[in-house]
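Beneath this line is the structure, given in structure tokens, with notes to follow.
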């Protein structure tokens with residue numbers, strides 16, 4: 003299975019989904035800001051911008067659409083890692099369960115693949131904090147706490163962990179923070195989760211680049227495994243049997259399914275070669291053959 007290709011297909015679907023679905027809301031905001039039909043500003047002396055409710059509804063709609071796309075991207079990442087785990091026959095490690103639970107599945111798979119395959123996500127050159135924030139934003143927008151708002155705020159726990167959130171409105175970053183005594187910025191109130199079109203596209207591009215790197219990294223794992231499997235196979239290959247020339251002794255001849263021992267004058271018996279593969283390298287638990295990705299020998 004070409005794991006990277008399928009991930010790119012999912013990412014491309016999310017990209018077109020947002021582009022197509024966001025168009026009417028983007029246009030509504032443009033018409034209001036330009037004062038074009040049907041949003042020509044009426045005469046008013048109250049100082050309030052005209053059609054503020056309509057503009058805010060369009061803006062909230064764009065963010066909620068971004069939330070849906072980020073949620074799908076988070077699930078895509080999860081399935082991507084899970085598929086590679088099955089393809090590479092990597093067994094779950096109970097010792098890493100705390101990493102998955104406390105730091106999320108991106109950090110958990112990073113630890114699992116580094117331990118089992120020698121792959122470090124940090125070598126990808128992709129901002130792993132952004133990938134982790136995709137998961138945090140998905141969790142936040144799927145488990146809101148306040149009925150009166152369309153856009154949830156970041157949780158205090160997430161803000162402490164992220165330090166400088168990516169999915170954030172820059173105006174709120176500047177207004178709602180202050181410098182603390184230790185030199186770090188603290189939040190006066192929790193800012194809202196922001197997923198603009200540009201922010202979403204940046205996250206999608208990061209996932210695409212990570213998938214390309216992952217493909218190359220797994221190819222190297224396959225090459226290393228193939229070399230070890232070939233080496234193991236050569237070491238374990240039994241010495242060829244020599245035919246006995248004694249009277250009445252069996253004469254060994256190769257057959258299509260194994261070694262055929264012909265004993266004169268008794269009938270022939272078939273002793274098939276063993277079809278069991280050599281022990282799986284790296285001490286990994288082997289999953290069912292249909293679920294495993296192995297290098298071609």
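In the working numbering, the protein residues as written are 3 to 299.
Note that CB positions come from ideal geometry on N, CA and C, so glycine has one too.
Values in this document were obtained by computation on a predicted structure and should not be read as measured data.
{"query": "Hey, how far is the Cα of residue 30 from the Cα of residue 7?", "result": "36 Å"}
{"query": "What number of angstroms, rounded off, separates the C-alpha of residue 61 from the C-alpha of residue 81?", "result": "31 Å"}
{"query": "Within the chosen definition, does the stretch 43-54 reach the stretch 114-123 through at least 3 CB pairs nearer than 8 Å?", "result": "no"}
{"query": "Considering just the uninterrupted stretch of the alpha helix (DSSP H) at residue 189, what are its terminal residues?", "result": "Run containing residue 189: none in the alpha helix (DSSP H); it sits in the beta strand (DSSP E), 187-189."}
{"query": "Express the C-alpha separation of residue 90 and residue 214 in angstroms, rounding to a whole number.", "result": "17 Å"}
{"query": "Ignore the nearest five residues each way along the sequence and tell me which others in residue 194's own chain have a CB closer than 6 Å to its CB.", "result": "153, 155"}
{"query": "DSSP three-state label for residue 272, please.", "result": "Low confidence applies to residue 272: its pLDDT is 41, below 50, so where it sits in the model is not reliable enough to give any reading."}
{"query": "Identify every run of the alpha helix (DSSP H) within the stretch 5-81, keeping only runs that are complete inside it and at least 4 residues long; order them along the chain.", "result": "5-36"}
{"query": "Output the distance between the C-alpha atoms of residue 103 and residue 162, rounded to the nearest integer angstrom.", "result": "17 Å"}
{"query": "Under DSSP, the alpha helix (DSSP H) around residue 198 begins and ends at which residues?", "result": "That residue, residue 198, is in no alpha helix (DSSP H); it is neither H nor E in DSSP."}
{"query": "Taking the straight line between their C-alpha atoms, what separation do you get for residue 22 and residue 216?", "result": "29 Å"}
{"query": "Along the alpha helix (DSSP H) that carries residue 141, what are the first and last residues, could you check?", "result": "130-144"}
{"query": "Assign residue 54 to one of two classes, buried (16 or more other C-beta atoms within 10 Å of its C-beta) or exposed (fewer than that).", "result": "exposed"}
{"query": "Where DSSP assigns a beta bridge to residue 179, which residues make up the other side?", "result": "189"}
{"query": "Check this for me: beta carbons of residue 76 and residue 32, under 8 Å apart or not?", "result": "no"}
{"query": "Where do the N-terminal and C-terminal ends of the alpha helix (DSSP H) with residue 163 fall, by residue?", "result": "158-164"}
{"query": "Suppose the cutoff is 7 Å on Cβ atoms and the five residues either side in sequence are ignored; what does the same chain contact list for residue 207 look like?", "result": "none"}
{"query": "Can you check the stretch 82-119 for any alpha helix (DSSP H) of at least 4 residues that lies completely inside it and give the ranges in chain order?", "result": "99-105, 107-119"}
{"query": "Buried or exposed for residue 87, going by 16 or more other Cβ atoms inside 10 Å?", "result": "buried"}
{"query": "Below 8 Å on the Cβ atoms is my guess for residue 12 versus residue 78; work out the distance and round it to an integer in Å.", "result": "5 Å"}
{"query": "Looking at C-alpha atoms only, which residue of 189, 200, 164, 41 is the closest neighbour of residue 301?", "result": "Absent from the model: residue 301. The displayed extent of the chain is 3 to 299, so no value can be given."}
{"query": "To the nearest angstrom, how far is it from the Cα of residue 198 to the Cα of residue 73?", "result": "14 Å"}
{"query": "What is the DSSP secondary structure of residue 226, counted as helix, strand or coil?", "result": "helix"}
{"query": "When you compare only the Cα positions, how much space is there between residue 219 and residue 157?", "result": "35 Å"}
{"query": "Can the beta-carbon of residue 135 be found less than 8 Å from the beta-carbon of residue 168?", "result": "yes"}
{"query": "Using only the alpha-carbon positions, how far apart do residue 96 and residue 113 sit?", "result": "12 Å"}
{"query": "Apart from the five residues just before and just after residue 202, which ones in its own chain have a Cβ nearer than 7 Å to its Cβ?", "result": "20, 68, 71, 72"}
{"query": "Using the rule of at least 16 other Cβ atoms within 10 Å of the residue's Cβ for burial, across every protein chain shown, is residue 212 buried or exposed?", "result": "buried"}
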